[in-house]
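Position one of the sequence shown corresponds to residue 2 (the numbering used here), numbered consecutively onward.
Even glycine gets a Cβ: it sits at the ideal position worked out from N, Cα and C.
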Amino acid sequence: MKIIDGKAISASVRKTLIGRAADFEKKYGRKVGLSVVKVGANPASEVYVRNKILACEEVGVKSFSYNLPEEVSERELLELIDALNDADDVDGILVQLPLPSHINEKKILARITPEKDADGFHAVNAGGLMLGLPCTKPCTPAGIIELIKSTGETIAGKNAVVVGRSNIVGKPCAMLLLAENATVTICHSKTSDLASFTRRADILVAAVGIKQFVTGDMVKDGAIVIDVGMNRNEGKLYGDVDFASVSKKASYITPVPGGVGPMTVTMLLKNTVESAFRCKEN
């Protein structure tokens, strides 16, 4: 069994991004710009936003932070997004989720112009992913593909099982695996006899959001296992995979923390840098 080191792979991708961001600045006379919008004082969101801002500094992307009060109106938030859509020095926009209950998340995300949708959540980008068109890919699924490729194993022809069907991870991850010519099965909470599917997986992506849900008896010998889970319990972080038992079966496995997480932030930066070039060159 080999650990897929998300931190090391992320660092390698960021080295490339440093060069790309510098090339953009040299060619166009300004830094690539990412706007990060946070509403309220959710402790987890504050950590995520801080990590994203530090990552921007590392690769030479200029970050613009907007920390709005919990009681901000939906109209005010939409007006801010409109202004960022029109800003010439902003290439990517990220609205940190979750948002307060009085704000319609779907409405907010839909307001971000697809060209500046750093998260890849806009319906235009989701449709592009489905149709195989050039588009901004969701950060976590794109990072998952990079992690799988880092093993040196071929994705084409493999049986891939994704446990989870969210619009943020499960569905787009399945589409990206299909694009790599894997044979893909999507499982979820209503799947009968889930283990009968996961035991056939050459590539298993666990994105169900339940602590240590996937156990060793559910995994095929030699499988590549990607754990997307971020489950906090008594101050400790757990994945969706029971690492102790699954690591005895897998050929490659991501740890939690240090696996998918670092790649998510890195792919956000990659999306922003590539969006900056696309907007200038098209």
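Express the C-alpha separation of residue j and residue i in angstroms, rounding to a whole number.
i: Ala183; j: Asp241; result: 22 Å
i: Leu178; j: Asp89; result: 35 Å
i: Asp218; j: Ile145; result: 23 Å
i: Glu116; j: Asp222; result: 42 Å
i: Lys138; j: Glu80; result: 25 Å
i: Ser276; j: Leu130; result: 15 Å
i: Thr255; j: Gly121; result: 23 Å
i: Lys28; j: Ile19; result: 14 Å
i: Leu69; j: Gly158; result: 47 Å
i: Cys136; j: Asn105; result: 24 Å
i: Glu147; j: Leu55; result: 22 Å
i: Lys150; j: Glu58; result: 27 Å
i: Arg279; j: Asp194; result: 45 Å
i: Thr155; j: Arg112; result: 38 Å
i: Val215; j: Phe198; result: 12 Å
i: Cys140; j: Ala84; result: 24 Å
i: Glu77; j: Ile109; result: 11 Å
i: His103; j: Ile4; result: 42 Å
i: Thr192; j: Asp243; result: 20 Å
i: Pro101; j: Ala42; result: 10 Å
Could you have a look at residue i and say whether DSSP puts it in helix, strand or coil?
i: Arg200; result: coil
i: Thr184; result: strand
i: Lys150; result: helix
i: Asp24; result: helix
i: Leu205; result: strand
i: Ala127; result: helix
i: Lys159; result: coil
i: Val170; result: coil
i: Ile4; result: strand
Report all residues from its chain with a CB closer than 8 Å to the CB of residue i; omit the five preceding and five following residues, and keep chain order.
i: Ala22; result: Lys32, Val33, Val60, Gly61, Val62, Val274
i: Pro173; result: Gly121, Ala127, Leu130, Lys138, Pro139, Pro142
Would residue i pass as a contact of residue j if the rule is Cβ separation under 8 Å?
i: Ile187; j: Ala175; result: yes
i: Val220; j: Val185; result: no
i: Asp40; j: Glu71; result: Residue identity check: residue 40 is Val in the sequence provided, not Asp. Yes, they are a contact pair.
i: Ile1; j: Asp203; result: The chain is shown from 2 up to 283; residue 1 falls before or after that span and cannot be answered.
i: Val229; j: Val266; result: no
i: Val261; j: Tyr239; result: no
i: Gly128; j: Leu35; result: no
i: Lys8; j: Gly210; result: no
i: Ala124; j: Leu95; result: no
i: Ala180; j: Gly133; result: yes
i: Ala208; j: Val163; result: yes
i: Lys16; j: Leu269; result: no
Kindly list the residues whose CB is nearer than 6 Å to the CB of residue i, restricted to its own chain and excluding five residues on each side of it in sequence; keep chain order.
i: His189; result: Arg166
i: Gly30; result: none
i: Met2; result: Ser248, Ala251
i: Arg201; result: Asn160
i: Ser66; result: Val37
i: Ser46; result: Lys39, Gln97
i: Ile334; result: Lying outside 2 to 283, the shown extent of the chain, residue 334 is not represented and no answer is given.
For residue i, which residues from the same chain have a beta carbon less than 7 Å from its beta carbon, with the 5 sequence-adjacent residues on both sides left out?
i: Val73; result: Val40
i: Asn234; result: Lys212
i: Lys271; result: Val14, Leu18
i: Met264; result: Gly7, Ile10, Ser11, Gly144, Glu147, Leu148
Ranges of the alpha helix (DSSP H) found wholly within the segment 26-98, counting only runs of at least 4:
44-60, 75-87
Which full runs of the alpha helix (DSSP H) of 4+ residues lie inside the segment 219-258, going along the chain?
244-247
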